[in-house]
Amino acid sequence: MLELLGLSRVGEAVYRSMLANPRLDVGALAAETRLTERQVRTALDELADLALLSPVSGDGALRAVVSPEVGLAALLASAEEEAARKQRQIEQTRAAIAAIAAERSAGRSGNEIRRLDGVEAVRARMAELALTATRECMSMNAGAADRPDSRAASAPLNQQALERGVVIRAVCRESFRNDPETLAHAHWLVGLGGQMRTVPTLPMPMVIVDHRIAILPVNPHEAAEGAIEVDTPGVLAASCALFEHVWATGTPLGDAAAAGDDGCLPQERALLGIVADGHTDEHAARKLGVSLRTVRRMMSDLMERLSAQSRFQAGVNAAKRGWI
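Under full-length UniProt numbering, residues 1 to 324 are what the sequence shown spells out, in order.
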């Protein structure tokens, strides 16, 4: 418990025993703490080094134990001073990073498009932006579940940003709730102050940082191809507007998706729209981020509720009822 103060578990045990009975000698302390006399003597040296023992008169006598109100309080004050010093160093380092990033940005002209080739390049740039964000990070995440390595890389960056007061808003597909590890990570992020909502489908993945930089996929259907980074005002305005529209339709994490007055859930409505557009079940599964079996089960249930004998009839009946 007191390791932060430099006191080992053995040292703490001897210290507590001495506080309870200051008259114990080395042999009695060993019996009381179930330690060897050698361990007790080592612990006594440790306590002396930490100024938790004070000298007394008389040759060979044990030193008197210093009260916790004095001894431990002094150690805690020293630990707090060291922590404050390290925090100042961290803030100075963060300011230096921001200054270097600002110099780099100043060297770039506006209205640029920068290609980020591959997943690793995108991840590295996202780490840079997370460290320098000052206002808000908005993202649309089209994946049904996050990869463990992706979560591990982003978690400390998100935590640091939230601690700096950066607002984090994320929209994910409804299907991500089906992955326990991804869902647990989402609850952790929300617990730190982040905001998250889900929608049945997303038009594309994107990240917008401080309303000044947008990271957009080269190919919305293949993340491995990388992304482009843009700071063009027009593209940023369109990207922010798209995000706000999707955000407004999302269901906050922790709430269940609400059915409409017609009893149709948002994910079911999205499936009907996909089918009505003539797409296959396979396409619907990719779009919704669920398995082909789940799509077929949902479609079978919808056809029964719509009294339809075919997918085409289901689309017609859904349109008549105002479901799509």
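Cβ atoms here follow ideal geometry from the backbone N, Cα and C, with glycine treated the same way.
With 16 other Cβ atoms within 10 Å as the buried cut-off, status of Met196:
Position 196 of the sequence shown, counting from 1, holds the residue named residue 196. That one is buried.
Please determine, among Ala314, Val290, Leu292 and Ser67, the residue with the shortest C-alpha to C-alpha distance to residue 326.
The structure shown has nothing for residue 326, since the chain only spans 1 to 324.
Where the alpha helix (DSSP H) containing Thr249 begins and where it ends
Within the sequence shown, the letter at position 249 stands for residue 249. According to the DSSP assignment, Thr249 belongs to the alpha helix (DSSP H) that extends over Pro233 to Thr249.
C-alpha distance - Val230 paired with Ser310, whole-angstrom precision
Position 230 of the sequence shown, counted from the first residue, corresponds to residue 230. Position 310 of the sequence shown, counted from the first residue, corresponds to residue 310. About 45 Å.
What is the C-beta distance between Cys172 and Thr198, in whole angstroms, given that I count them as a contact (C-beta under 8 Å)?
The sequence position of residue 172 within the sequence shown is 172, counting from 1. The sequence position of residue 198 within the sequence shown is 198, counting from 1. Thr198 and Cys172 do touch by the CB rule: their CB atoms are close to 5 Å apart, below 8 Å.
Does DSSP classify Asn141 as helix, strand or coil?
As a first step, residue 141 must be located in the sequence shown, where it is residue number 141. The answer is strand: DSSP assigns Asn141 an E or B state.
When you compare only the Cα positions, how much space is there between Gly234 and Glu3?
Here residue 234 refers to the residue found at position 234 of the sequence shown. Here residue 3 refers to the residue found at position 3 of the sequence shown. Taking the straight line joining both Cα atoms gives about 55 Å.
Using DSSP with H/G/I as helix, E/B as strand and the rest coil, what is Arg115?
Residue 115 sits at position 115 when you count from the first residue of the sequence shown. Here Arg115 carries a strand assignment [DSSP, helix/strand/coil].
Got a sec? Which residues, its chain only, sit under 7 Å from Ala145 by beta carbon, not counting five neighbours each side?
As a first step, residue 145 must be located in the sequence shown, where it is residue number 145. Summary for Ala145: the model assigns pLDDT 47, below 50, so the residue's position carries little reliability; its value from the coordinates is reported in the next sentence. Closer than 7 Å at Cβ, skipping near neighbours: Phe176, Asp179 and Thr182.
Whole-angstrom distance between Arg34 and Leu47, CA atom to CA atom:
Counted from its first residue, the sequence shown places residue 47 at position 47. Counted from its first residue, the sequence shown places residue 34 at position 34. Going from the Cα of Leu47 to the Cα of Arg34 covers about 18 Å.
When you compare the stretch 118-136 with the stretch 158-170, are there three or more beta-carbon pairs, one atom per stretch, that lie closer than 8 Å?
With the cut-off at 8 Å, the stretch 118-136 and the stretch 158-170 touch.
Report yes if the C-beta distance between Cys137 and Val246 is below 8 Å; otherwise report no.
For this step, residue 137 is matched to residue 137 along the sequence shown. For this step, residue 246 is matched to residue 246 along the sequence shown. Contact flag unset, no.
Would you mind listing the alpha helix (DSSP H) stretches within the stretch 284-316 that are 4+ residues and don't spill past its ends, in chain order?
292-305
So, for Asp59: in the same chain, excluding its five sequence neighbours on each side, which residues have a beta-carbon less than 7 Å away from its beta-carbon?
The count along the sequence shown starts at 1 and reaches residue 59 at position 59. Only weak support exists for where Asp59 lies, its pLDDT of 48 falling under 50; the value from the coordinates is given anyway. So no residue of the chain qualifies.
How close, in whole Å, do the beta carbons of Val10 and Ala43 come, if the pair is a contact with beta carbons under 8 Å?
Start at 1 with the first residue of the sequence shown, and residue 10 comes out as number 10. Start at 1 with the first residue of the sequence shown, and residue 43 comes out as number 43. Confirmed, Cβ separation roughly 5 Å.
Backbone CA spacing between Leu24 and Arg63 [nearest angstrom]
For the purposes of this step, residue 24 is taken as the residue at position 24 of the sequence shown. For the purposes of this step, residue 63 is taken as the residue at position 63 of the sequence shown. Their Cα atoms are separated by approximately 11 Å.
Own chain residues within Cβ distance below 6 Å of Arg169, not counting five before or after:
Taking the first residue of the sequence shown as position 1, residue 169 is located at position 169. For Arg169, where only same-chain residues beyond five positions count, the Cβ hits under 6 Å are Met138 and Gln195.
State whether the stretch 280-297 contacts the stretch 249-256, with contact taken as three or more CB pairs (one from each stretch) at a distance under 8 Å.
no
Which runs of the beta strand (DSSP E) fall wholly inside the stretch 188-234 and span at least 3 residues, in chain order?
195-199, 206-209, 213-217 and 227-230
Closest by C-alpha distance to residue 330, when choosing among Met299, Pro266 and Ala237:
Since the displayed the chain opens at 1 and closes at 324, residue 330 lies outside it and no answer follows.
Can you name the residues that DSSP bridges to Arg173?
Counting from one through the sequence shown, the residue named residue 173 turns up at place 173. Among the bridge pairs identified by DSSP, Arg173 is matched with Val199.
Residue 327 versus Ala184, Val218, Asp49 and Pro203, residue with shortest Cα-Cα distance
The requested residue 327 is not part of the displayed model; the chain covers only 1 to 324.
Verify whether the separation of the beta carbon atoms of Pro205 and Ala124 is less than 8 Å.
Indexing the sequence shown from 1 puts residue 205 at position 205. Indexing the sequence shown from 1 puts residue 124 at position 124. It is not a contact, given that the beta carbons lie outside the stated cut-off.
For Ser239, count neighbouring C-beta atoms within 10 Å of its own C-beta (all shown protein chains included) and say buried if the count is 16 or more, exposed if not.
If you number the sequence shown from 1, residue 239 lands on position 239. Answer is buried; the Cβ neighbour count reaches 16.
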